[in-house]
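Asks:
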Amino acid sequence: METTLQLTIDCADPVRLVAFWSEALGYVPEPAPDGHATWRAYWIAAGVPEEELPPGAGDAAESIVDPAGRGPRVWFQQVPERKAGKNRLHLDLKVGGGREVPRAVRAERVSATVERLVEAGAGVLRTTDEPDAGQYAVLLRDPEGNEFCVV
506 METTLQLTID CADPVRLVAF WSEALGYVPE PAPDGHATWR AYWIAAGVPE
556 EELPPGAGDA AESIVDPAGR GPRVWFQQVP ERKAGKNRLH LDLKVGGGRE
606 VPRAVRAERV SATVERLVEA GAGVLRTTDE PDAGQYAVLL RDPEGNEFCV
656 V
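Under my numbering, the first residue of the sequence shown is numbered 506, with each subsequent residue one higher.
1. Could you give the first and the last residue of the continuous beta strand (DSSP E) run that contains R646?
2. For the beta strand (DSSP E) that E635 lies in, which residues bound it at each end?
3. Taking just the CA atoms, how far does D515 sit from V643?
4. What's the gap between the Cα of E652 and the Cα of D637?
5. Among G601, T513, A517, Q511, which one has its Cα closest to the Cα of A589?
6. Distance check for V579 and E557, CA to CA, integer angstroms please.
7. Should T633 go down as buried or exposed, given a rule of 16 or more other Cβ atoms within 10 Å for buried?
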């Protein structure tokens with residue numbers, strides 16, 4: 506039996522996070538299965554009772570996929586409760602190239618990515634800049650407050 510990985514992120518506004526994380530990861534919104542105009546139409550055809558679907562659920566893409574097919578599917582699941590505390594799991598976007606790349610080059614790559622993601626709706630929480638340790642990373646939050654790092 507094959508095991509695949511899907512990352513599920515609870516949120517209030519799946520459409521907003523689909524747009525943000527598509528930009529952040531280079532993913533694309535996942536289209537509804539063939540023969541269905543929307544995911545909602547697919548779910549109803551599959552037997553999910555309409556009363557189990559929140560208003561608007563599935564009317565627009567609520568998941569994103571890696572167009573190259575390498576990364577996991579990410580589903581933004583609409584939930585009624587707001588984020589309550591610090592994430593126990595977070596994503597690291599590794600854009601710097603690793604320790605074999607000069608620290609200045611890594612910092613430049615990280616900074617460029619951070620700038621792009623701030624324009625897309627992220628907020629900077631903290632920058633770790635430790636030249637003696639060869640470290641440069643930025644902790645951000647997505648539009649709903651979920652923490653992630655760019656390293």
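Even for Gly, the Cβ is constructed at its ideal location relative to N, Cα and C.
Just so it is clear, the structure is predicted and the values come from calculations on it, not from any experiment.
Replies: Taking the coordinates as given:
1. Here residue 646 is taken as the residue at index 141 of the sequence shown, counted from 1. Here the beta strand (DSSP E) through R646 covers 640 to 646.
2. The residue you call residue 635 lines up with position 130 of the sequence shown. Start and end: 628 to 635.
3. As a first step, residue 643 must be located in the sequence shown, where it is residue number 138. As a first step, residue 515 must be located in the sequence shown, where it is residue number 10. V643 and D515: Cα-Cα distance of roughly 23 Å.
4. For the purposes of this step, residue 652 is identified with residue 147 of the sequence shown, where counting begins at 1. For the purposes of this step, residue 637 is identified with residue 132 of the sequence shown, where counting begins at 1. Cα to Cα, E652 sits roughly 26 Å from D637.
5. Indexing the sequence shown from 1 puts residue 589 at position 84. Of G601, T513, A517, Q511, the residue nearest in Cα terms is A517.
6. On the sequence shown, position 52 is the one that residue 557 refers to. On the sequence shown, position 74 is the one that residue 579 refers to. Using only the alpha carbons, I get a separation of about 21 Å.
7. Numbered from its first residue, the sequence shown carries residue 633 at position 128. With fewer than 16 other Cβ atoms within 10 Å, it is exposed.
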